[in-house]
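Numbering of the sequence shown is given in this note's numbering, commencing with residue 591 and proceeding in unit increments.
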Amino acid sequence: QVQLVESGGGLVQPGGSLRLSCATSGITFSWYAMGWYRQAPGKERELVARINSDFSTDHVDSVKGRFAISRDNGKNTVYLQMNSLKPEDTAVYYCNAVWRESAYWGQGTQVMVSS
Numbered sequence: 591q592v593q594l595v596e597s598g599g600g601l602v603q604p605g606g607s608l609r610l611s612c613a614t615s616g617i618t619f620s621w622y623a624m625g626w627y628r629q630a631p632g633k634e635r636e637l638v639a640r641i642n643s644d645f646s647t648d649h650v651d652s653v654k655g656r657f658a659i660s661r662d663n664g665k666n667t668v669y670l671q672m673n674s675l676k677p678e679d680t681a682v683y684y685c686n687a688v689w690r691e692s693a694y695w696g697q698g699t700q701v702m703v704s705s
């Protein structure tokens with residue numbers, strides 16, 4: 591059974607930081623490209639950052655220089671370090687795992703940036 595379990599969300603003031611984690615099980619983690627997506631109320635889900643099996647990364651322009659995705663293959667976990675958070679970063683953040691035709695999602699973790 592494949593599981594992706596996100597954690598680390600919460601309420602933070604503008605300018606603050608959070609670190610999201612996505613612990614996986616049931617997959618050969620090192621094979622998978624891992625991504626963080628987010629969905630704000632009334633908006634479509636969007637890709638935030640992605641890290642491939644070779645550890646190469648991509649970040650959407652709106653988070654470059656503020657967010658950083660990383661992975662620990664020994665712990666089967668992907669992380670999203672979020673710094674200098676802004677109110678517009680408020681969303682549910684989802685973890686995604688993709689390898690060939692296989693794709694899995696986590697249940698999401700809420701991030702709210704507000705004073």
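All C-beta atoms in this analysis are idealised placements derived from N, C-alpha and C, irrespective of residue type, glycine included.
All of these numbers come straight from a predicted model, not from anything done at the bench.
- Ranked by Cα distance from Y622, the options Q629, R628, T614 are led by T614.
- Straight-line measurement puts the Cα of W695 at about 5 Å from the Cα of N686.
- For I659, the uninterrupted beta strand (DSSP E) segment begins and ends at 657-662.
- Taking the CA atoms as reference points, T699 sits about 13 Å from R635.
- Boundaries cannot be given for Q591, as no beta strand (DSSP E) includes it and DSSP labels it neither H nor E.
- Within 10 angstroms of the beta-carbon of E596 lie 16 or more other beta-carbons, which makes it buried.
- In the DSSP annotation of this structure, the continuous segment of the beta strand (DSSP E) that includes S692 starts and ends at 692-695.
- With fewer than 16 other Cβ atoms inside 10 Å of its own Cβ, V592 counts as exposed.
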